[in-house]
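Participant: With our numbering applied, the sequence shown corresponds to residues 141 to 585, in that order.
The beta carbon of each residue, even a glycine, is placed where N, CA and C say it ideally should be.
This is the structure I have questions about; it appears just below.
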Amino acid sequence: MNVTVFGVGYVGLVQAAVLADVGHNVCCVDVDPAKIDGLKNGVIPIYEPGLSDLVLNNYEKKRITFTTDAEKGIAFSELQFIAVGTPPDEDGSADLQYVLAVAGKIASHMDGNKIVIDKSTVPVGTADKVHAHMSEILQQRGVKFSFNVVSNPEFLKEGSALDDCMRPERIVIGTDSSEVEATMRELYEPFSRNHDKIMIMDVRSAEFTKYAANCMLATKISFMNEMSNLAERLGVDIEQVRKGIGSDSRIGYHFIYPGCGYGGSCFPKDVQALERSANEIGYDAKILKAVEKVNYRQKEVLFDHVRSFYHDELDGKTFAVWGLSFKPNTDDMREASSRVLMESLWNVGAKVQAYDPEAMEEAQRIYGTKDNLTLMGTKEAALHGADGLIIVTEWKSFRVPDFEKMSVELKDKVIFDGRNLYDPARVEGMGLAYYGIGRGRSIKR
């Protein structure tokens with residue numbers, strides 16, 4: 141099948157590459173000439189394990205093409221994916237200007253029937269807005285073409301997006317058209333061979349499913365972080381509690397790891413957007429507000445630990461920071477806890493020596509050249525001359541460090557672990573002070 145994908149960001153590029161890999165012909169359209177030129181020359185604009193090889197392989201086989209010519213993409217296929225960004229507006233609601241701009245472009249140049257597929261994460265009612273916008277433009281053109289607007293939300297996790305796309309747990313399709321359903325089933329048939337993973341529902345329910353899923357996961361994280369703060373004050377080890385409650389099949393082990401807050405492009409934005417949608421219809425979404433509030437506070441916990449340990453005397457201190465991306469296996473620093481931590485340290489006169497396996501260029505792009513930030517080539521180099529170590533992201537390469545080397549390198553022999561990677565007794569046995577999240581040992585001020 142021929143498929144057009146508008147937007148070569150995280151969602152669009154992954155979806156396009158995976159569709160091409162099973163044999164579909166995909167035309168990717170983006171307004172950014174630098175991205176398109178880069179992709180044509182083998183430069184992938186985002187880091188995702190395995191994505192570069194997949195894109196390059198299918199580009200060489202001419203199953204995937206890249207262009208800035210929207211008219212070319214519109215003429216290429218009946219299936220038109222919209223996978224552009226929906227950044228938070230000033231009030232936290234999802235900004236639909238890019239989605240509607242693509243819809244308008246399709247309506248302005250379509251010369252036949254189209255199936256327009258909302259892949260971007262959008263609020264309930266967006267498909268109605270897209271349909272109305274396109275209908276108005278077609279009316280202005282004085283032409284009558286049939287088109288359907290489908291909701292087909294993505295459920296990708298950064299760091300494992302290819303696997304999520306190739307082996308999806310579910311494929312949600314929102315449509316009331318049996319003809320469109322048949323076309324979408326044909327498109328996704330290669331991903332639903334083992335058993336039927338396709339779930340057909342009405343458009344508004346499909347739109348809501350994406351938000352509900354992300355908000356549920358964010359709620360689990362904030363709940364566990366709330367428990368970790370209680371545990372710390374009650375002399376309880378939250379890691380033992382996590383194992384205890386995770387063994388209950390009704391709860392499970394996923395998304396109950398306490399830490400220094402969630403980030404990224406999805407959870408913060410989607411919780412805020414659904415909260416604003418609730419406000420628009422006069423509903424007070426108290427749980428969503430609490431989830432957001434707890435997460436905001438949790439991002440300050442690491443700095444609070446550092447500040448308490450040093451009795452607010454941080455001016456002139458230097459800290460090694462391991463991990464800048466909001467989670468492992470990505471270079472994405474959007475809403476990352478590392479940013480809150482580093483900016484708090486800088487505000488009190490401290491310096492940072494940071495290392496991340498993938499996010500160094502992104503950190504350089506965000507912060508530029510700063511006297512109080514040094515990006516180090518290795519995690520070991522970041523330790524040299526530092527007063528203490530702060531761990532923000534749970535990269536695998538951080539899990540088995542050389543504690544003896546840490547004890548020698550760190551002037552104050554202290555580790556602040558925002559992801560509970562280590563056993564406190566083992567670390568302390570190596571002569572290091574250790575403060576995790578909710579490990580039952582508050583720092584006395």
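Assuming residue 168 and residue 206 make a contact with CB atoms under 8 Å, what is their CB distance in whole Å?
Facilitator: For the purposes of this step, residue 168 is identified with residue 28 of the sequence shown, where counting begins at 1. For the purposes of this step, residue 206 is identified with residue 66 of the sequence shown, where counting begins at 1. Indeed, because the Cβ distance is near 5 Å, the residues count as touching under 8 Å.
Participant: When you compare the CB positions of residue 358 and residue 407, do they come within less than 7 Å of one another, or not?
Facilitator: Here the question's residue 358 lines up with position 218 in the sequence shown. Here the question's residue 407 lines up with position 267 in the sequence shown. Cβ distance < 7 Å, so residue 358 and residue 407 count as in contact.
Participant: What three-state label does DSSP hand residue 585 in the structure shown?
Facilitator: For the purposes of this step, residue 585 is taken as the residue at position 445 of the sequence shown. Since pLDDT at residue 585 reaches only 43, below the 50 mark, its modelled position is unreliable, and the value read off the structure follows with that caveat. Residue 585 falls in the coil class under three-state DSSP.
Participant: Specify the secondary structure class of residue 150 as computed by DSSP and reduced to three states.
Facilitator: Numbered from its first residue, the sequence shown carries residue 150 at position 10. Helix, per DSSP.
Participant: Note down, in chain order, each residue of its chain lying with its Cβ closer than 8 Å to the Cβ of residue 197, except the 5 sequence neighbours on either side.
Facilitator: Counting from one through the sequence shown, the residue named residue 197 turns up at place 57. Excluding sequence neighbours, residue 197 sits near 161.
Participant: Determine the extent of the alpha helix (DSSP H) in which residue 486 is found, giving its start and end residues.
Facilitator: To locate residue 486, count along the sequence shown from 1; it is residue 346. Per DSSP, residue 486 belongs to the alpha helix (DSSP H) from 477-487.
Participant: Taking Cβ positions, are residue 526 and residue 443 nearer each other than 7 Å?
Facilitator: For the purposes of this step, residue 526 is taken as residue 386 along the sequence shown, with counting starting at 1. For the purposes of this step, residue 443 is taken as residue 303 along the sequence shown, with counting starting at 1. Contact flag unset, no.
Participant: Name the DSSP beta bridge partners of residue 399, please?
Facilitator: Here the question's residue 399 lines up with position 259 in the sequence shown. DSSP, once it has assigned bridges, lists no residue as partnering residue 399.
Participant: Starting from residue 573 and walking both ways along the beta strand (DSSP E), at which residues does that stretch end?
Facilitator: As a first step, residue 573 is located in the sequence shown; it is residue number 433 there, counting from the start. From DSSP, the beta strand (DSSP E) with residue 573 extends over 573-575.
Participant: Does DSSP classify residue 527 as helix, strand or coil?
Facilitator: Numbered from 1 along the sequence shown, position 387 holds the residue referred to as residue 527. Coil at residue 527, not helix or strand.
Participant: Just checking my contact of residue 454 with residue 488 at CB under 8 Å: how many whole Å lie between their CB atoms?
Facilitator: Residue mapping note: residue 454 aligns to position 314 of the sequence shown, counting from 1. Residue mapping note: residue 488 aligns to position 348 of the sequence shown, counting from 1. So it is a contact: roughly 5 Å between Cβ atoms.
Participant: Given residue 315, which residues of its chain have a CB within under 6 Å of its CB, disregarding the five upstream and five downstream residues?
Facilitator: Sequence index remark: in the sequence shown, residue 315 carries index 175 (1-based). Around residue 315: 290 and 321.
Participant: Classify residue 294: buried if its beta carbon has 16 or more other beta carbons within 10 angstroms, exposed otherwise.
Facilitator: Position 154 of the sequence shown, counted from the start, is the residue given in the question as residue 294. With 16 or more other Cβ atoms within 10 Å, it is buried.
Participant: The alpha helix (DSSP H) spanning residue 427 covers which residue range?
Facilitator: Working through the sequence shown from its first residue, we reach residue 427 at position 287. Where residue 427 is concerned, the enclosing alpha helix (DSSP H) stretches over 426-438.
Participant: Pull up the distance between the alpha-carbon of residue 556 and that of residue 543, whole angstroms please.
Facilitator: Against the sequence shown, residue 556 aligns to sequence position 416. Against the sequence shown, residue 543 aligns to sequence position 403. Each residue's alpha carbon lies about 14 Å from the other.
Participant: For residue 563, which three-state DSSP category applies?
Facilitator: Taking the first residue of the sequence shown as position 1, residue 563 is located at position 423. In the structure shown, residue 563 sits in coil (DSSP, three-state: anything other than H, G, I, E or B).
Participant: Below 8 Å, can you find three or more Cβ-Cβ pairs linking the segment 302-311 to the segment 265-281?
Facilitator: The segment 302-311 vs the segment 265-281: no contact.
Participant: Taking Cβ to Cβ, would you say residue 177 is nearer than 7 Å to residue 148?
Facilitator: To locate residue 177, count along the sequence shown from 1; it is residue 37. To locate residue 148, count along the sequence shown from 1; it is residue 8. Contact flag unset, no.
Participant: Report the option in 242, 173, 479 and 354 whose CA atom is closest to the CA atom of residue 400.
Facilitator: Your numbering for residue 400 matches position 260 in the sequence shown. Comparing Cα positions, the closest option is 479.
Participant: Would you mind stating whether residue 553 and residue 572 have Cβ atoms separated by less than 7 Å?
Facilitator: For the purposes of this step, residue 553 is identified with residue 413 of the sequence shown, where counting begins at 1. For the purposes of this step, residue 572 is identified with residue 432 of the sequence shown, where counting begins at 1. Yes, the pair counts as a contact, with Cβ atoms nearer than the cut-off.
Participant: Please go through the same chain and pick out, in chain order, the residues whose beta-carbon is closer than 7 Å to the beta-carbon of residue 194, but skip the five residues on each side of it.
Facilitator: One-based indexing of the sequence shown puts residue 194 at position 54. Same-chain partners within the cutoff: 157, 161 and 302.
Participant: Given residue 374, which residues of its chain have a CB within under 8 Å of its CB, disregarding the five upstream and five downstream residues?
Facilitator: Counting from one through the sequence shown, the residue named residue 374 turns up at place 234. Counting only Cβ-Cβ distances below 8 Å, and skipping sequence neighbours, we find 580.
Participant: For a test of the three-state rule: what should DSSP assign to residue 557, helix, strand or coil?
Facilitator: Position 417 of the sequence shown holds residue 557. The answer is strand: DSSP assigns residue 557 an E or B state.
Participant: Tell me which residue opens and which closes the beta strand (DSSP E) that residue 340 is part of.
Facilitator: Taking the sequence shown and counting its residues from 1, one reaches residue 340 at position 200. Unbroken beta strand (DSSP E) run through residue 340: 338-341.
Participant: Tell me which residues share the same chain as residue 421 and place their Cβ nearer than 7 Å to its Cβ, disregarding the 5 neighbours each side in the sequence.
Facilitator: The count along the sequence shown starts at 1 and reaches residue 421 at position 281. Nothing listed; no residue qualifies.
Participant: Beta-carbon within less than 8 Å of residue 585's beta-carbon, same chain only, minus the 5 sequence neighbours each way: which residues are those?
Facilitator: As a position in the sequence shown, residue 585 is number 445, starting the count at 1. Because residue 585 sits at a pLDDT of 43, beneath the cut-off of 50, its placement in the model cannot be relied upon, and the point is left open.
Participant: Using CA atoms only, rank isn't needed, just tell me which of 307, 238 and 378 is closest to residue 259.
Facilitator: Reading the sequence shown from its first residue, position 119 is the one you call residue 259. Ranking the options by Cα distance to residue 259, first place goes to 238.
Participant: What did DSSP end up calling residue 301 once you bin it into helix, strand or coil?
Facilitator: Sequence index remark: in the sequence shown, residue 301 carries index 161 (1-based). Three-state DSSP puts residue 301 in a helix.
Participant: Would you say residue 355 and residue 414 are within 7 Å of each other, going by their C-beta atoms?
Facilitator: Taking the sequence shown and counting its residues from 1, one reaches residue 355 at position 215. Taking the sequence shown and counting its residues from 1, one reaches residue 414 at position 274. Going by C-beta atoms, residue 355 is nearer than 7 Å to residue 414.
Participant: For the segment 249-266 against the segment 210-226, do three or more pairs of beta-carbon atoms, one drawn from each stretch, fall closer than 8 Å, so that the two count as touching?
Facilitator: Touching, yes.
Participant: Just to confirm, is the Cβ distance from residue 431 to residue 477 under 7 Å?
Facilitator: Within the sequence shown, numbered from 1, the residue matching residue 431 stands at position 291. Within the sequence shown, numbered from 1, the residue matching residue 477 stands at position 337. Not closer than 7 Å, so no.
Participant: Using DSSP's beta-bridge definition, name the partner residues of residue 288.
Facilitator: In the sequence shown, residue 288 corresponds to position 148, counting from 1. DSSP, once it has assigned bridges, lists 255 as partnering residue 288.
Participant: For the beta strand (DSSP E) that contains residue 515, what are its first and last residues?
Facilitator: By one-based count along the sequence shown, residue 515 stands at place 375. Its beta strand (DSSP E) spans residues 513-515.
Participant: Going by DSSP in three states, residue 311 sits in which element: helix, strand or coil?
Facilitator: Looking up residue 311 in the sequence shown gives position 171. In this structure, residue 311 counts as strand in the three-state DSSP scheme.
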